[in-house]
Amino acid sequence: LQPFAADCKTYDIVPYVAAIHACQIYALDATRNMRWVFTGGDDGFVRKYDFFASMGGKTLLTQNQKHTQVESVQKAGVIPSYWENEEQPLPPATPKPVQELKMSPVYSLAVQSEAIWLLTGMESGAINLFTVRHEEGKCHHVLRQHKAPVSVLKITQDETGCVSGSWDKTVLHWDLNTGQVVREFSGHSSQISSISFHMLTHSNDVLLTTSIDGNCFVWDKRAMNSIPRKMPPPERTPPWCLSACWSADGNKIYCARRNGTVDEWDFVSGKFIRSFKMPSGSGPVSYVSSMPNGKHIICASTDNIRLWNVMDDHELSKSAVPFLIVPGHHGGTISQILIDHDCRYMITTSGNRGWEGSSTETALFYEILPVI
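Quick note: this note's numbering has the sequence shown finishing at residue 372, numbered continuously throughout.
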(Lines of atoms letter the chains of each structure in order from A and count residues from 1; the text may use other names and numbers.)
(Lines give C-alpha, C1' and ligand atoms only; values in the text may rest on other atoms or scores of the structure.)
Protein backbone atom coordinates (compact mmCIF):
# COMPACT_ATOMS: atom_id res chain seq x y z
CA LEU A 1 0.00 0.00 0.00
CA GLN A 2 1.04 3.59 -0.48
CA PRO A 3 1.98 5.45 2.75
CA PHE A 4 -0.94 6.24 5.11
CA ALA A 5 -3.48 4.41 2.90
CA ALA A 6 -4.31 1.93 5.68
CA ASP A 7 -4.73 4.40 8.56
CA CYS A 8 -5.85 7.69 6.99
CA LYS A 9 -9.00 9.61 7.97
CA THR A 10 -10.39 9.70 4.43
CA TYR A 11 -9.34 9.78 0.78
CA ASP A 12 -9.20 12.43 -1.92
CA ILE A 13 -10.21 10.72 -5.19
CA VAL A 14 -9.84 12.85 -8.34
CA PRO A 15 -10.46 11.81 -11.99
CA TYR A 16 -7.99 12.85 -14.69
CA VAL A 17 -8.64 10.61 -17.71
CA ALA A 18 -11.79 9.74 -19.65
CA ALA A 19 -11.47 6.71 -21.92
CA ILE A 20 -14.53 7.17 -24.10
CA HIS A 21 -16.04 4.08 -25.72
CA ALA A 22 -18.76 3.92 -28.35
CA CYS A 23 -20.57 1.19 -26.44
CA GLN A 24 -21.64 0.07 -22.99
CA ILE A 25 -18.67 -1.22 -20.97
CA TYR A 26 -19.32 -4.56 -19.28
CA ALA A 27 -15.91 -5.76 -18.07
CA LEU A 28 -12.67 -4.31 -16.67
CA ASP A 29 -9.35 -5.63 -15.41
CA ALA A 30 -5.72 -4.52 -15.18
CA THR A 31 -2.25 -5.92 -14.57
CA ARG A 32 -0.86 -5.88 -11.05
CA ASN A 33 1.41 -2.87 -11.76
CA MET A 34 -1.47 -1.03 -13.55
CA ARG A 35 0.56 -0.66 -16.75
CA TRP A 36 -2.11 -2.19 -18.97
CA VAL A 37 -5.86 -1.80 -18.53
CA PHE A 38 -8.32 -3.99 -20.44
CA THR A 39 -11.99 -3.24 -21.05
CA GLY A 40 -14.74 -5.14 -22.85
CA GLY A 41 -18.19 -4.08 -23.93
CA ASP A 42 -21.26 -4.94 -25.91
CA ASP A 43 -19.62 -4.16 -29.27
CA GLY A 44 -17.49 -7.31 -29.00
CA PHE A 45 -14.02 -5.74 -28.76
CA VAL A 46 -11.35 -6.11 -26.07
CA ARG A 47 -9.53 -2.79 -25.68
CA LYS A 48 -6.04 -2.45 -24.22
CA TYR A 49 -5.13 0.91 -22.63
CA ASP A 50 -1.74 2.22 -21.54
CA PHE A 51 -2.65 3.51 -18.08
CA PHE A 52 0.43 5.64 -17.35
CA ALA A 53 0.57 7.16 -20.84
CA SER A 54 -3.08 8.11 -20.33
CA MET A 55 -2.46 9.62 -16.88
CA GLY A 56 0.61 11.42 -18.24
CA GLY A 57 -1.51 13.28 -20.77
CA LYS A 58 -0.13 11.81 -23.99
CA THR A 59 -3.53 12.44 -25.61
CA LEU A 60 -6.01 15.18 -24.68
CA LEU A 61 -9.78 15.21 -24.97
CA THR A 62 -11.42 17.33 -27.65
CA GLN A 63 -13.55 20.30 -26.66
CA ASN A 64 -16.76 18.37 -27.29
CA GLN A 65 -15.54 15.41 -25.22
CA LYS A 66 -14.54 17.65 -22.29
CA HIS A 67 -17.97 19.29 -22.30
CA THR A 68 -19.62 16.38 -20.45
CA GLN A 69 -16.77 15.82 -17.95
CA VAL A 70 -15.78 17.51 -14.69
CA GLU A 71 -13.07 20.15 -14.79
CA SER A 72 -10.18 17.90 -13.73
CA VAL A 73 -10.76 15.47 -16.63
CA GLN A 74 -8.65 16.82 -19.51
CA LYS A 75 -6.89 13.69 -20.80
CA ALA A 76 -8.02 10.88 -23.08
CA GLY A 77 -7.25 7.19 -22.81
CA VAL A 78 -4.28 5.95 -24.85
CA ILE A 79 -5.27 2.73 -26.62
CA PRO A 80 -2.30 0.89 -28.24
CA SER A 81 -4.35 -2.05 -29.53
CA TYR A 82 -7.64 -3.92 -29.54
CA TRP A 83 -9.02 -7.18 -30.90
CA GLU A 84 -12.30 -8.97 -31.59
CA ASN A 85 -13.92 -11.24 -29.02
CA GLU A 86 -15.09 -13.97 -31.38
CA GLU A 87 -17.02 -17.15 -30.68
CA GLN A 88 -14.78 -20.12 -31.52
CA PRO A 89 -16.78 -22.93 -33.16
CA LEU A 90 -16.36 -26.55 -32.15
CA PRO A 91 -14.12 -28.45 -34.61
CA PRO A 92 -16.41 -30.29 -37.05
CA ALA A 93 -16.20 -34.03 -37.59
CA THR A 94 -15.74 -33.43 -41.32
CA PRO A 95 -14.17 -30.34 -42.90
CA LYS A 96 -16.68 -27.68 -43.91
CA PRO A 97 -16.34 -24.31 -45.65
CA VAL A 98 -14.87 -21.69 -43.32
CA GLN A 99 -17.60 -19.45 -41.92
CA GLU A 100 -17.20 -15.94 -40.57
CA LEU A 101 -16.83 -16.04 -36.79
CA LYS A 102 -19.57 -14.42 -34.71
CA MET A 103 -18.62 -11.49 -32.47
CA SER A 104 -19.71 -11.78 -28.84
CA PRO A 105 -20.14 -9.03 -26.25
CA VAL A 106 -17.42 -9.18 -23.59
CA TYR A 107 -19.59 -10.05 -20.59
CA SER A 108 -16.59 -10.61 -18.28
CA LEU A 109 -12.82 -10.33 -18.41
CA ALA A 110 -9.83 -11.34 -16.26
CA VAL A 111 -6.15 -10.79 -17.04
CA GLN A 112 -3.05 -12.51 -15.66
CA SER A 113 -1.02 -10.23 -13.35
CA GLU A 114 1.73 -9.66 -15.95
CA ALA A 115 -0.58 -9.66 -18.99
CA ILE A 116 0.73 -12.93 -20.38
CA TRP A 117 -2.80 -14.21 -21.02
CA LEU A 118 -6.38 -13.07 -20.65
CA LEU A 119 -9.81 -14.70 -20.23
CA THR A 120 -13.08 -13.40 -21.67
CA GLY A 121 -16.65 -14.55 -21.02
CA MET A 122 -18.77 -15.19 -24.09
CA GLU A 123 -22.48 -14.96 -24.87
CA SER A 124 -22.60 -18.69 -25.67
CA GLY A 125 -21.22 -19.68 -22.25
CA ALA A 126 -17.69 -20.37 -23.50
CA ILE A 127 -14.56 -18.80 -21.98
CA ASN A 128 -11.83 -17.77 -24.43
CA LEU A 129 -8.16 -17.78 -23.41
CA PHE A 130 -6.14 -15.19 -25.36
CA THR A 131 -2.42 -14.49 -25.27
CA VAL A 132 -1.55 -10.82 -24.76
CA ARG A 133 2.21 -10.38 -24.52
CA HIS A 134 2.95 -12.69 -27.47
CA GLU A 135 0.60 -13.19 -30.44
CA GLU A 136 -1.74 -10.60 -28.99
CA GLY A 137 -5.41 -11.37 -29.44
CA LYS A 138 -4.93 -14.98 -30.55
CA CYS A 139 -7.35 -17.46 -28.94
CA HIS A 140 -5.43 -20.57 -27.84
CA HIS A 141 -8.10 -22.47 -25.93
CA VAL A 142 -11.82 -22.40 -25.15
CA LEU A 143 -13.28 -23.55 -21.81
CA ARG A 144 -16.75 -24.97 -22.40
CA GLN A 145 -19.39 -25.96 -19.85
CA HIS A 146 -21.61 -22.96 -19.15
CA LYS A 147 -24.83 -22.79 -21.16
CA ALA A 148 -25.47 -19.03 -20.96
CA PRO A 149 -23.40 -15.80 -20.93
CA VAL A 150 -20.43 -15.86 -18.52
CA SER A 151 -21.06 -12.79 -16.34
CA VAL A 152 -18.11 -13.06 -13.89
CA LEU A 153 -14.49 -14.26 -14.11
CA LYS A 154 -11.96 -14.25 -11.26
CA ILE A 155 -8.43 -15.68 -11.44
CA THR A 156 -7.17 -17.48 -8.32
CA GLN A 157 -4.21 -16.20 -6.30
CA ASP A 158 -1.73 -18.73 -7.74
CA GLU A 159 -3.00 -18.00 -11.29
CA THR A 160 -3.39 -21.70 -12.10
CA GLY A 161 -7.18 -21.61 -11.91
CA CYS A 162 -10.19 -19.37 -12.25
CA VAL A 163 -13.76 -19.16 -10.97
CA SER A 164 -16.56 -18.31 -13.38
CA GLY A 165 -20.20 -17.37 -12.87
CA SER A 166 -22.89 -17.47 -15.51
CA TRP A 167 -26.49 -16.67 -16.34
CA ASP A 168 -27.11 -20.43 -16.15
CA LYS A 169 -27.05 -20.01 -12.32
CA THR A 170 -23.83 -22.03 -11.80
CA VAL A 171 -20.39 -21.15 -10.44
CA LEU A 172 -17.48 -23.25 -11.74
CA HIS A 173 -13.89 -23.61 -10.51
CA TRP A 174 -11.54 -24.35 -13.43
CA ASP A 175 -8.03 -25.81 -13.50
CA LEU A 176 -6.25 -23.78 -16.18
CA ASN A 177 -3.46 -26.36 -16.51
CA THR A 178 -5.89 -29.01 -17.75
CA GLY A 179 -8.86 -26.90 -18.88
CA GLN A 180 -11.19 -29.03 -16.77
CA VAL A 181 -13.77 -28.13 -14.11
CA VAL A 182 -12.48 -28.91 -10.61
CA ARG A 183 -15.71 -28.16 -8.78
CA GLU A 184 -19.19 -26.84 -9.39
CA PHE A 185 -20.91 -24.60 -6.83
CA SER A 186 -24.65 -25.02 -7.29
CA GLY A 187 -27.36 -23.47 -5.16
CA HIS A 188 -28.16 -20.10 -6.73
CA SER A 189 -31.57 -19.78 -8.33
CA SER A 190 -30.77 -16.78 -10.52
CA GLN A 191 -28.06 -15.33 -12.75
CA ILE A 192 -24.66 -14.90 -11.05
CA SER A 193 -23.73 -11.21 -10.69
CA SER A 194 -20.45 -11.13 -8.71
CA ILE A 195 -17.70 -13.29 -7.21
CA SER A 196 -15.03 -12.22 -4.72
CA PHE A 197 -12.37 -14.04 -2.71
CA HIS A 198 -11.88 -13.45 1.01
CA MET A 199 -9.48 -10.58 1.66
CA LEU A 200 -7.11 -12.40 4.04
CA THR A 201 -7.03 -15.96 2.71
CA HIS A 202 -4.30 -16.06 0.10
CA SER A 203 -5.28 -19.60 -0.83
CA ASN A 204 -8.71 -18.37 -1.98
CA ASP A 205 -10.46 -20.92 0.22
CA VAL A 206 -13.46 -18.69 1.02
CA LEU A 207 -15.63 -17.45 -1.81
CA LEU A 208 -18.46 -14.89 -1.85
CA THR A 209 -21.00 -15.12 -4.69
CA THR A 210 -24.10 -13.05 -5.42
CA SER A 211 -27.01 -13.48 -7.81
CA ILE A 212 -29.59 -11.17 -9.33
CA ASP A 213 -32.34 -12.42 -7.00
CA GLY A 214 -30.52 -10.77 -4.06
CA ASN A 215 -28.96 -13.83 -2.41
CA CYS A 216 -25.35 -13.79 -1.19
CA PHE A 217 -23.63 -17.13 -0.57
CA VAL A 218 -20.32 -17.78 1.20
CA TRP A 219 -18.55 -21.01 0.18
CA ASP A 220 -15.63 -22.86 1.76
CA LYS A 221 -13.74 -24.61 -1.03
CA ARG A 222 -11.88 -26.87 1.43
CA ALA A 223 -15.10 -28.78 2.16
CA MET A 224 -16.07 -30.59 -1.03
CA ASN A 225 -19.77 -30.94 -0.19
CA SER A 226 -20.19 -27.87 1.97
CA ILE A 227 -23.53 -26.09 2.15
CA PRO A 228 -23.05 -22.35 1.58
CA ARG A 229 -23.77 -19.80 4.26
CA LYS A 230 -26.71 -17.77 2.98
CA MET A 231 -27.33 -14.06 3.45
CA PRO A 232 -30.78 -13.34 1.96
CA PRO A 233 -32.14 -9.81 1.47
CA PRO A 234 -33.53 -8.26 4.69
CA GLU A 235 -37.25 -7.68 5.10
CA ARG A 236 -38.82 -5.07 2.82
CA THR A 237 -35.81 -5.23 0.51
CA PRO A 238 -36.44 -5.93 -3.18
CA PRO A 239 -34.71 -9.02 -4.59
CA TRP A 240 -31.69 -7.65 -6.40
CA CYS A 241 -27.91 -7.64 -5.90
CA LEU A 242 -25.31 -6.81 -8.53
CA SER A 243 -22.27 -6.55 -6.26
CA ALA A 244 -20.90 -7.51 -2.86
CA CYS A 245 -17.49 -7.12 -1.26
CA TRP A 246 -15.49 -7.94 1.87
CA SER A 247 -14.34 -5.32 4.36
CA ALA A 248 -10.61 -4.62 4.62
CA ASP A 249 -10.21 -6.99 7.60
CA GLY A 250 -12.46 -9.65 6.08
CA ASN A 251 -14.91 -9.63 9.01
CA LYS A 252 -17.81 -7.90 7.27
CA ILE A 253 -19.63 -8.19 3.96
CA TYR A 254 -21.30 -5.32 2.09
CA CYS A 255 -24.12 -6.03 -0.40
CA ALA A 256 -25.45 -3.48 -2.92
CA ARG A 257 -29.23 -3.30 -3.28
CA ARG A 258 -31.76 -2.00 -5.79
CA ASN A 259 -33.59 0.26 -3.31
CA GLY A 260 -30.55 2.51 -2.87
CA THR A 261 -29.10 0.78 0.19
CA VAL A 262 -25.96 -1.17 1.09
CA ASP A 263 -26.40 -3.97 3.63
CA GLU A 264 -23.70 -4.74 6.19
CA TRP A 265 -23.33 -8.36 7.41
CA ASP A 266 -21.09 -9.89 10.04
CA PHE A 267 -19.11 -12.72 8.42
CA VAL A 268 -18.32 -14.59 11.64
CA SER A 269 -21.84 -14.72 13.04
CA GLY A 270 -23.64 -14.50 9.70
CA LYS A 271 -26.01 -11.86 11.07
CA PHE A 272 -27.35 -8.74 9.41
CA ILE A 273 -26.03 -5.58 11.12
CA ARG A 274 -27.49 -2.50 9.38
CA SER A 275 -28.18 -0.77 6.07
CA PHE A 276 -26.64 2.40 4.68
CA LYS A 277 -29.28 4.33 2.74
CA MET A 278 -28.27 6.59 -0.13
CA PRO A 279 -30.12 9.91 -0.60
CA SER A 280 -33.53 9.58 -2.23
CA GLY A 281 -33.41 9.62 -6.01
CA SER A 282 -29.90 8.19 -6.14
CA GLY A 283 -31.04 5.05 -7.93
CA PRO A 284 -29.92 1.44 -7.42
CA VAL A 285 -26.45 0.74 -6.00
CA SER A 286 -24.79 -1.21 -8.80
CA TYR A 287 -21.30 -1.63 -7.32
CA VAL A 288 -19.66 -1.59 -3.89
CA SER A 289 -15.96 -1.80 -2.98
CA SER A 290 -14.10 -1.44 0.32
CA MET A 291 -11.11 0.78 1.08
CA PRO A 292 -8.01 -0.45 2.97
CA ASN A 293 -8.42 1.83 6.01
CA GLY A 294 -11.50 -0.15 7.09
CA LYS A 295 -13.52 3.05 7.54
CA HIS A 296 -14.84 3.66 4.04
CA ILE A 297 -16.55 1.88 1.18
CA ILE A 298 -17.14 3.02 -2.40
CA CYS A 299 -20.85 2.97 -3.33
CA ALA A 300 -21.77 3.48 -6.99
CA SER A 301 -25.31 4.69 -7.68
CA THR A 302 -26.88 5.99 -10.87
CA ASP A 303 -26.39 9.63 -9.92
CA ASN A 304 -22.97 9.58 -8.24
CA ILE A 305 -20.17 7.53 -6.71
CA ARG A 306 -19.93 8.02 -2.94
CA LEU A 307 -17.11 7.44 -0.48
CA TRP A 308 -19.19 6.25 2.50
CA ASN A 309 -17.96 6.37 6.09
CA VAL A 310 -18.95 3.08 7.78
CA MET A 311 -17.69 3.96 11.26
CA ASP A 312 -20.08 3.35 14.14
CA ASP A 313 -22.84 5.93 14.36
CA HIS A 314 -21.70 7.29 17.71
CA GLU A 315 -18.36 8.30 16.16
CA LEU A 316 -20.13 10.65 13.76
CA SER A 317 -21.86 13.84 14.83
CA LYS A 318 -25.59 14.04 14.19
CA SER A 319 -25.18 16.78 11.59
CA ALA A 320 -22.32 15.16 9.69
CA VAL A 321 -23.02 13.74 6.24
CA PRO A 322 -21.60 10.18 6.24
CA PHE A 323 -20.30 10.33 2.67
CA LEU A 324 -18.27 12.35 0.18
CA ILE A 325 -19.17 12.63 -3.50
CA VAL A 326 -16.44 11.26 -5.77
CA PRO A 327 -16.43 13.58 -8.82
CA GLY A 328 -16.57 12.31 -12.38
CA HIS A 329 -19.47 9.91 -12.79
CA HIS A 330 -23.07 11.04 -13.18
CA GLY A 331 -26.15 9.54 -14.79
CA GLY A 332 -25.47 5.92 -15.65
CA THR A 333 -25.04 2.42 -14.25
CA ILE A 334 -21.55 1.61 -12.97
CA SER A 335 -20.53 -1.86 -14.17
CA GLN A 336 -17.08 -2.20 -12.58
CA ILE A 337 -14.76 -0.43 -10.13
CA LEU A 338 -11.10 -1.42 -9.92
CA ILE A 339 -8.77 -0.20 -7.15
CA ASP A 340 -5.13 -1.21 -7.55
CA HIS A 341 -3.22 -3.18 -4.90
CA ASP A 342 -1.35 -0.08 -3.63
CA CYS A 343 -4.56 1.98 -3.41
CA ARG A 344 -3.02 4.67 -5.63
CA TYR A 345 -5.43 4.53 -8.56
CA MET A 346 -9.06 3.73 -9.27
CA ILE A 347 -10.90 3.00 -12.53
CA THR A 348 -14.67 3.04 -13.06
CA THR A 349 -16.64 1.86 -16.09
CA SER A 350 -20.26 2.44 -17.04
CA GLY A 351 -22.58 -0.20 -18.51
CA ASN A 352 -25.51 -2.45 -17.62
CA ARG A 353 -23.70 -5.79 -18.20
CA GLY A 354 -26.63 -7.04 -20.26
CA TRP A 355 -29.28 -6.42 -17.60
CA GLU A 356 -30.94 -3.01 -17.20
CA GLY A 357 -29.78 0.58 -16.96
CA SER A 358 -28.21 3.31 -19.07
CA SER A 359 -24.53 4.00 -19.67
CA THR A 360 -22.22 6.99 -20.08
CA GLU A 361 -19.99 4.77 -22.28
CA THR A 362 -16.93 6.07 -20.43
CA ALA A 363 -14.13 4.65 -18.29
CA LEU A 364 -12.67 7.16 -15.82
CA PHE A 365 -9.13 6.92 -14.41
CA TYR A 366 -8.71 8.36 -10.89
CA GLU A 367 -5.83 9.09 -8.53
CA ILE A 368 -6.31 8.30 -4.82
CA LEU A 369 -4.60 10.44 -2.16
CA PRO A 370 -4.91 9.57 1.56
CA VAL A 371 -6.00 12.45 3.80
CA ILE A 372 -4.31 12.21 7.20
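Cβ atoms here follow ideal geometry from the backbone N, Cα and C, with glycine treated the same way.
The region 222 to 229 makes no contact with the region 249 to 265, as fewer than three CB pairs between them are under 8 Å.
Aspartate 158 counts as exposed, since fewer than 16 other C-beta atoms from the protein chains shown sit within 10 angstroms of its C-beta.
In the three-state reduction of the DSSP assignment, methionine 199 falls in the coil class.
Between the beta-carbon of glutamine 145 and that of tryptophan 167 there is about 13 Å, and that puts the pair past the 8 Å contact cut. Fewer than three pairs of CB atoms, one per stretch, sit closer than 8 Å, so the region 343 to 356 makes no contact with the region 83 to 93.
The three-state secondary structure of glutamine 63, taken from DSSP, is helix.
Phenylalanine 4: not part of any beta strand (DSSP E); DSSP gives it neither H nor E. Burial state of histidine 341 is exposed, judged by a 10 Å Cβ sphere holding fewer than 16 other Cβ atoms. Distance check between lysine 102 and each of Asn309, Gly187, Phe45 and Phe323 places Phe45 closest, using alpha-carbon atoms only.
In this structure, DSSP gives phenylalanine 267 a state outside helix and strand, which the three-state scheme calls coil.
With the rule of 3 Cβ pairs closer than 8 Å, the region 116 to 133 does not count as touching the region 50 to 64.
For alanine 53, the enclosing alpha helix (DSSP H) has its first and last residue at 51 to 55.
Contact annotation, isoleucine 298 with valine 288: C-beta distance approximately 7 Å; criterion of less than 8 Å satisfied.
Note on geometry: alpha-carbon atoms of threonine 156 and asparagine 204 lie some 7 Å from one another.
With 16 or more other Cβ atoms from the protein chains shown falling within 10 Å of its own Cβ, serine 104 counts as buried.
Inter-residue distance for glutamate 123 and arginine 353 is about 11 Å (C-alpha atoms, whole angstroms). Checking the DSSP bridge columns, you'll see tryptophan 240 has no partner listed. Out of Val371, Ala363, Ile368 and Glu367, the CA that lies nearest to the CA of isoleucine 79 is found in Ala363.
Per DSSP, threonine 210 is one residue of the beta strand (DSSP E) stretching across 206 to 211. The beta carbon of serine 286 lies closer than 6 Å to those of Leu242, Ala300, Thr333 and Ile334 in the same chain, with the five residues before and after it left out. When DSSP assignments are scanned along the region 274 to 331, the uninterrupted stretches of beta strand (DSSP E) that are 3 or more residues long and fall wholly within it turn out to be 287 to 290, 296 to 300, 305 to 309 and 323 to 326.
Around the beta-carbon of methionine 278, 16 or more other beta-carbon atoms lie within 10 Å, marking it buried. DSSP, reduced to helix, strand and coil, places glutamine 112 outside both helices and strands of the structure shown, so it counts as coil. Annotation for leucine 176: Thr160, Gly161 and Cys162 place their beta carbon closer than 7 Å to its own, counting only its chain and skipping 5 residues before and after. For asparagine 225, the secondary structure class from DSSP, reduced to helix, strand or coil, is coil.
In the DSSP assignment, threonine 349 forms a beta bridge with Gln336 and Ala363. Exposure of glutamine 180 is indicated by the presence of fewer than 16 other C-beta atoms within 10 angstroms of its C-beta. In the DSSP assignment, leucine 129 is bridged to Leu119 and His141.
Looking at the DSSP output, tryptophan 219 bridges to Leu207. Annotated three-state conformation of tryptophan 246 is strand, per DSSP. The three-state reading of DSSP puts proline 80 in strand, counting E and B together. With a 10 Å radius around the Cβ and a threshold of 16 neighbouring Cβ atoms, isoleucine 372 comes out exposed.
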